[in-house]
Amino acid sequence: MKSRKLLLEHLDVPGIQGIETYVKQGGYTTLEKALKKMSPDEVVEEVKKSGLRGRGGAGFPTGLKWSFLAKPEGIPRYLVCNADESEPGTFKDRYLMEKIPHLLVEGMILSSYALGANTSYIYIRGEFMYVLEILQKAIQEAYAKGYLGKNIFGSGFDHDLVVTPGGGAYICGEETALLESLEGKRGNPRIKPPFPAVKGLWASPTVVNNVESIAAVVPIIRDGGDAYASIGIGKSTGTKLISACGNLARPGVYEIELGLSVEEFIYGDDYCRGIANGKKLKACVPGGSSVPILPHFLVTKTAAGENRLMTYESLADGGFQSGSMLGSGGFIVFDEDQCIVRNTWNFTRFYAHESCGQCSPCREGTGWMEKVLHRLETGKGQMHDIDLLADINKKIEGNTICPLGDAAAWPVAAAIRHFREEFEWHVTHPEEAQKRNYGLIQQPVVA
Amino acid sequence: MSHSTKPMLSAEPVEFSGELLAKMEEAKNLFPNGKEKSALLKMLHLAQAEFGWVSVPTMDKIADLLSIQPVEVYEVATFYTMFHLEPVGKYVFEVCRTGPCMLVGSDQLIEHIGKKLNIGMGETTSDGLFTLKTAECLGGCGYGPLLQCRHRFHEHLTPEKVDELIEQYKRGEIEPGAL
Amino acid sequence: MVKVTIDGIEVSVEPGTTILNAARQIGGDAVPPAMCYYSKLPGTGGKCRTCLVEVAAGSAADPRPMPKLVASCSTPVQDGMVVNNKTSERVHNNRGGVVEFLLANHPLDCPICDQAGECHLQDLGYEHGSAKTRYEEERRTFDPIDIGNKIKLHMNRCILCYRCVFVANQLTDQRVHGVMHRGEHAEISTYIEKAVENDFSGNMIDVCPVGALTDRTFRFKSRVWFLKPMEAERSCTKCCGKAVVWMFGNEIYRITARKDKYGEVEEIDQKTAWLCNDCRFEKKDAADWNILGPRVINRQSVISQGKYATTIDKPVKRIG
Numbered sequence: 000m001k002s003r004k005l006l007l008e009h010l011d012v013p014g015i016q017g018i019e020t021y022v023k024q025g026g027y028t029t030l031e032k033a034l035k036k037m038s039p040d041e042v043v044e045e046v047k048k049s050g051l052r053g054r055g056g057a058g059f060p061t062g063l064k065w066s067f068l069a070k071p072e073g074i075p076r077y078l079v080c081n082a083d084e085s086e087p088g089t090f091k092d093r094y095l096m097e098k099i100p101h102l103l104v105e106g107m108i109l110s111s112y113a114l115g116a117n118t119s120y121i122y123i124r125g126e127f128m129y130v131l132e133i134l135q136k137a138i139q140e141a142y143a144k145g146y147l148g149k150n151i152f153g154s155g156f157d158h159d160l161v162v163t164p165g166g167g168a169y170i171c172g173e174e175t176a177l178l179e180s181l182e183g184k185r186g187n188p189r190i191k192p193p194f195p196a197v198k199g200l201w202a203s204p205t206v207v208n209n210v211e212s213i214a215a216v217v218p219i220i221r222d223g224g225d226a227y228a229s230i231g232i233g234k235s236t237g238t239k240l241i242s243a244c245g246n247l248a249r250p251g252v253y254e255i256e257l258g259l260s261v262e263e264f265i266y267g268d269d270y271c272r273g274i275a276n277g278k279k280l281k282a283c284v285p286g287g288s289s290v291p292i293l294p295h296f297l298v299t300k301t302a303a304g305e306n307r308l309m310t311y312e313s314l315a316d317g318g319f320q321s322g323s324m325l326g327s328g329g330f331i332v333f334d335e336d337q338c339i340v341r342n343t344w345n346f347t348r349f350y351a352h353e354s355c356g357q358c359s360p361c362r363e364g365t366g367w368m369e370k371v372l373h374r375l376e377t378g379k380g381q382m383h384d385i386d387l388l389a390d391i392n393k394k395i396e397g398n399t400i401c402p403l404g405d406a407a408a409w410p411v412a413a414a415i416r417h418f419r420e421e422f423e424w425h426v427t428h429p430e431e432a433q434k435r436n437y438g439l440i441q442q443p444v445v446a
Numbered sequence: 000m001s002h003s004t005k006p007m008l009s010a011e012p013v014e015f016s017g018e019l020l021a022k023m024e025e026a027k028n029l030f031p032n033g034k035e036k037s038a039l040l041k042m043l044h045l046a047q048a049e050f051g052w053v054s055v056p057t058m059d060k061i062a063d064l065l066s067i068q069p070v071e072v073y074e075v076a077t078f079y080t081m082f083h084l085e086p087v088g089k090y091v092f093e094v095c096r097t098g099p100c101m102l103v104g105s106d107q108l109i110e111h112i113g114k115k116l117n118i119g120m121g122e123t124t125s126d127g128l129f130t131l132k133t134a135e136c137l138g139g140c141g142y143g144p145l146l147q148c149r150h151r152f153h154e155h156l157t158p159e160k161v162d163e164l165i166e167q168y169k170r171g172e173i174e175p176g177a178l
Numbered sequence: 000m001v002k003v004t005i006d007g008i009e010v011s012v013e014p015g016t017t018i019l020n021a022a023r024q025i026g027g028d029a030v031p032p033a034m035c036y037y038s039k040l041p042g043t044g045g046k047c048r049t050c051l052v053e054v055a056a057g058s059a060a061d062p063r064p065m066p067k068l069v070a071s072c073s074t075p076v077q078d079g080m081v082v083n084n085k086t087s088e089r090v091h092n093n094r095g096g097v098v099e100f101l102l103a104n105h106p107l108d109c110p111i112c113d114q115a116g117e118c119h120l121q122d123l124g125y126e127h128g129s130a131k132t133r134y135e136e137e138r139r140t141f142d143p144i145d146i147g148n149k150i151k152l153h154m155n156r157c158i159l160c161y162r163c164v165f166v167a168n169q170l171t172d173q174r175v176h177g178v179m180h181r182g183e184h185a186e187i188s189t190y191i192e193k194a195v196e197n198d199f200s201g202n203m204i205d206v207c208p209v210g211a212l213t214d215r216t217f218r219f220k221s222r223v224w225f226l227k228p229m230e231a232e233r234s235c236t237k238c239c240g241k242a243v244v245w246m247f248g249n250e251i252y253r254i255t256a257r258k259d260k261y262g263e264v265e266e267i268d269q270k271t272a273w274l275c276n277d278c279r280f281e282k283k284d285a286a287d288w289n290i291l292g293p294r295v296i297n298r299q300s301v302i303s304q305g306k307y308a309t310t311i312d313k314p315v316k317r318i319g
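From first to last, the protein sequence lines are chains A, B and C.
Just so we're aligned: 202 in numbering that gives the first Met the number 0 is position 203 of the first sequence, and the numbers increase by one with no gaps anywhere.
Just so we're aligned: 146 in numbering that gives the first Met the number 0 is position 147 of the second sequence, and the numbers increase by one with no gaps anywhere.
Just so we're aligned: 113 in numbering that gives the first Met the number 0 is position 114 of the third sequence, and the numbers increase by one with no gaps anywhere.
Pasting the structure below:
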C-alpha cells in the first residue's frame, strides 16, 4: 500500500526548492485562500478539526495549543518554529526544509495569520547552516513576490519571517530552552509556569511548533480539517514523516499515513525493505532515542498479539511494560549483531552530554548513569550496578525541570526491562562481552 | 579528572573587518530594538567563520557590539558545542558518534580517521590542516556514518571515502562553506 | 485569599503565593527545604529540586492530583489545593534521591570547610541523606580559585543554585561571573581570571547555601560554633550597617548579614539588609561597631554549641 503524500507530494518535481516551481504546483494558493476568505479563527478551527498532533514528539494537539495563546491588547504575539531537530534517529525536518523550503515558509505565514502574529522566527539548529541558507533564500523569494512583508495578498495582514541559528545544543529543542536561546542566552529550560502561551519570547505570548506541524497546516487548510482527519486511525490523523535509520536495507525519510502497519513499514517494498544484509531484527526504538526500546517480538505485534500500527496509540499499546511511543518519528532499527548495553550507554552518554546542568537530578543523574553503563559495557560492572541504574532512573524521572530527564531515564529503564539478561551476561562474562555480541534474546514467558 | 576551563589568554587582539562588522550589524537588525542580544549566536558563528575559532578578545568585541557584559558572551559560548574556544585546524572534522551512527560503524570510522591523520581526539595535525572531534547526533541518522566540516555534511562514509575526502580537502577542492 | 492545605494544616494566602511560601506561613515541618530558592532574589528557584512536594488535589475546581511531584518554590497555590510534604512517603523518597544527587560529586570535605556548622547541604544530608554513598565513580574536581581578594570559590562544593549569579545581577552594577559550560561540566566562573570587585559582592557569600563561596578574611580562622554571634550596627553610607559580628573574646572574626531561620538575609524596615563590602570585610575592629547583644540562635543549630549551657562568662575572681 502506497501512502498518500501531503507534505512530500511534489518532492520529485525538479526545481521545487525555488518559488516559481513551488507556485506552479499550487504553492501559496492556500495562503491566498486563507488570507482572502477565512478569518484567523476559522483557520484555527480547521486545524482543530484536523486532529493534527504536534510532530516534534510530544503529540499534543496543535489546534488546542494554539487556542491557549493569550491575546492581550497592545502586546505582540509570536510564532516560533522549532527546527532544532536533534533527537537521535530524527532527521525528517531537515529533509523537509531542504527539499521543499517553501512549504515551511507558507505554513509559517498561514499559521501566523491564524495566531495574529506579525513576526515569526524559525530557530534552526546551528549544524544545519546549509539548510538555513536554503530557507533564507526561500524567504527572500517570498518577500520579492509579496507573500511576506506588508499587506500580503491585499488582506491587510503584515508579516515578517526571520530564520536564526542555534549553536549546538539538543536541549534547545525543548520549547522554553529554545526561547532562551533565541533571546541570545544559554539554553536553560525555563521554570514553568508561566508557559510560553502567556509569557514566551521576550515575555510575549508565543506558540512554538515543530517544522512538520507547521508544514502540515498548509494541506490542512487546502483540503479542510475534515479531509485531513479522514486519513489515519482514531486520534492519529493525517500523514507523518518517519525518518528510518539503523540497520535497515533502505533507511531514509518516508511520509506515511498514520495507521500503516509496523511490519509493512519495516519490510514493505515501498518503505524500508527489511533489515540490511539479510540479518534478523533484534530491537527497535520507534520514536527517537528517548522512547522505550522494544525487543523484536514486540515490534510488529503488541503483547496481546495484535498487529502493531504506526499510530500514537498502537505504538504505546501495553504502556511502558510492553509498548513504546511514536514520538518524533525517529525509527531506529537494530539487527542481531548489535549490543543493547553498548547502545544504552551510547544514548545515555548523549543525554549526559546534552543536559543543561540546571537541575540536580539531570545534571548528576545522567552523568552517573553514563559512568555505570560504561563500566558495564567495558566488562567492569557488577550485578548490583543493574539495580542501581534502575533506581537512579526512578529518581530522575518526573523530578526534573524539563523532559530531558525523562528522555534520559526511559531508554535505560526499557533496556533493563527487556534486555536484563544481556546486561547480566556482561557482568558474568566480562571478557566474552568484549569480543562478541549477545545476540537475540528469547521471548520471555508472558505471565 | 580536573576540569580545566582556562581559556586561551595568549590570543592576539582582534580586528573585525568592515565586511564582518556589516554582517554583524545585519544580524542585529533582524531583531526588534532592544532585543539585539538575540543575534549573539549568529554573531559567534560569523566570528568563527572569519577567524576559525572564538577567542576571548573576539567575545569581548562582540559584547561591546551588543552593549552587554563580556561574561554574558562567555557563558553562552561555553554552553553551545559548535564554538571552538581554542585554535583548531583549517578543517575540523566533527564525526557523529551517537546511536544510529554507531549502529552503522561510526566507532570504527573515528578510529580510522585518527590513525589516518595520526592524531587523537581533539588534536590537530602538525600541518595545521585537520582537527578531529566527535559530535553528538548531527541529525543525519539515515545517512551515517557521517561527519561535518564547517557547514558541509559528508555522509554514507567508509574508510575509503574518508581517505579520498582528506585528499580532496588537502588539494583544496572542497569549499567548506561560509556564512 | 485562597485556601491551601499542607500536611493537613489549612492556611489562607494571597493568590499567586507559591506552595513553599504558603508552607512558610504555616512553619515547622510543613516547610520544604530550599537550596536554590531565595525569596529576596526574584527569579531564583526551581533548580535544585529539594523542595519537591506532592499535590494530592490541584484545586477545589479541579481536585485531580498532579501526576508529578512539583517544585513548591515555583508552583503557585490554587484555592482548595491539597499538598503533602512531610506526610508523603513519595516526597521523602524522591527528596532523598535529590540529596543523593547533590552529594554524588560533593567532596564531603566538611572537616576543612568553613561553611561546616551553617551549611544547608549538611542539614539536608542529615535529614534526608543516607549514611553510605552508592556513588563509586571518580568525583569531578575543580581547583579552588580566588575571585577577588575577599572571596574564595570552591567549585567542588557548589550545587549550582545560581543564587550568586542573581546577587551579581540584582545587587551589583556589573556581573563578571556566571555559569560556564553545561551539564555536569557546568561551573560558576569568571571564565577569564577576573576579580569580582563590587561594593556588594560579599553578599554572594551570604546567599551561598554551601561552602562554595567563602570569606577569605575569615578562612580557617575558627569554627563558626566557637564564635559568639552578636547583633551589631554602625552608621554606613553604603548599606544599612546592621550586621552580625562573630566574636571570640573581644575580637571580631567575621561579619555576616543578619539571617532568618531559612538562612536568608533578614528584612529590616521592609528592606533586605544586604551588607556592603566595607562593613563585611574592613570593619573588624570591635570599636567600629555598636554591639547590641547576643544574636538568638536556634537551639538545634550546631552554632548553639556551648552557648546555652550554664557557663561563667567572666571569672568571678582572678586566680594567680
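The beta-carbon is built from N, C-alpha and C at its ideal position, and this holds for glycine as well.
- With respect to the C-alpha of A143(A), the residue from Q381(A), T399(A) and G17(A) having the closest C-alpha is G17(A).
- Restricted to the segment 282-342 of chain A, the beta strand (DSSP E) segments that are unbroken, complete and at least 3 residues in length are 329-334, listed in chain order.
- Taking all protein chains shown into account, E84(A) has 16 or more neighbouring C-beta atoms within 10 Å of its C-beta and is therefore buried.
- Counting C-beta pairs with one atom in each stretch, the segment 100-115 of chain C and the segment 13-24 of chain C have fewer than three that are closer than 8 angstroms, which means they do not touch.
- Taking a beta-carbon distance threshold of 9 angstroms, R181(C) counts as an interface residue toward chain B.
- Two segments are said to touch when three or more pairs of C-beta atoms, one from each, lie closer than 8 angstroms; by this definition the segment 282-294 of chain A does not touch the segment 212-225 of chain A.
- A contact is defined here as three or more CB-CB pairs under 8 angstroms, and the segment 131-150 of chain C meets this definition with respect to the segment 197-207 of chain C.
- H184(C) belongs to the set of residues whose beta carbon lies under 9 angstroms from a beta carbon in chain A.
- Boundaries of the beta strand (DSSP E) harbouring G251(A): G251 to E256, taken from the DSSP string.
- For T77(B), a Cβ of chain C is located within less than 9 angstroms of the residue's own Cβ.
- The Cβ atoms of L114(A) and R76(A) sit closer than 9 angstroms to each other.
- The C-beta of R54(A) comes no closer than 9 angstroms to any C-beta of chain B.
- When DSSP states are grouped into helix, strand and coil, K237(C) belongs to the coil group.
- Under the three-state reduction of DSSP, R151(B) is assigned to strand.
- If only complete runs of 4 or more residues are kept, the segment 119-170 of chain C shows the alpha helix (DSSP H) at 119-127 and 162-170, in order along the chain.
- When DSSP reads this structure, I61(B) sits in no beta bridge, so it has no partner.
- For M80(C), the uninterrupted beta strand (DSSP E) segment begins and ends at M80 to N83.
- Contact annotation for L159(C) against chain A: G356, Q357, S359 and R362 [CB-CB distance below 8 angstroms, chain order].
- Chain B places a beta carbon closer than 9 angstroms to that of R174(C), counting this residue as a contact.
- Secondary structure at R218(C): coil, using DSSP grouped into helix, strand and coil.
- For the segment 123-137 of chain C, the residues whose beta carbon sits under 9 angstroms from a beta carbon of chain A are, in order, R133, Y134, E135, E136 and E137.
- Identification of residues in the segment 178-206 of chain A having a C-beta nearer than 8 angstroms to some C-beta of chain B yields S180, L181, E182, G183, K184, R185, G186 and W201, given in sequence order.
- Along the segment 190-216 of chain C, there is no position whose C-beta sits under 9 angstroms from a C-beta of chain A.
- In the three-state DSSP reduction, D159(A) falls in the strand class (E or B).
- When C-beta atoms of the segment 40-47 of chain A are compared with those of the segment 64-71 of chain A, three or more pairs fall below 8 angstroms, so the two segments count as touching.
- With a threshold of 16 other beta carbon atoms within 10 Å, R63(C) falls short and is exposed.
- Counting the other Cβ atoms within 10 Å of the Cβ of Q114(C) gives 16 or more, which makes it buried.
- Below the 8 angstroms Cβ cutoff, chain C contributes R174, V175, H176, G177, T189 and Y190 as neighbours of V70(B), in chain order.
- DSSP places I204(C) within a helical segment (H, G or I) once states are collapsed to three.
- Taking a Cβ-Cβ threshold of 9 angstroms, the residues of chain A close to C47(C) are C358 and S359, in chain order.
- Residue-level contact by beta carbon fails for V87(B) and chain C, as no gap is shorter than 9 angstroms.
- Residue pairing by DSSP places A242(C) opposite A231(C) in a beta bridge.
- Contact between the segment 83-99 of chain B and the segment 51-61 of chain B is present: 3 or more CB-CB pairs across the two stretches fall below 8 angstroms.
- For F92(B), the enclosing beta strand (DSSP E) covers residues Y90 to C95.
- Counting only runs of at least 4 residues, the segment 222-273 of chain A fully encloses the following alpha helix (DSSP H) elements, listed from N- to C-terminal order: 224-228 and 261-266.
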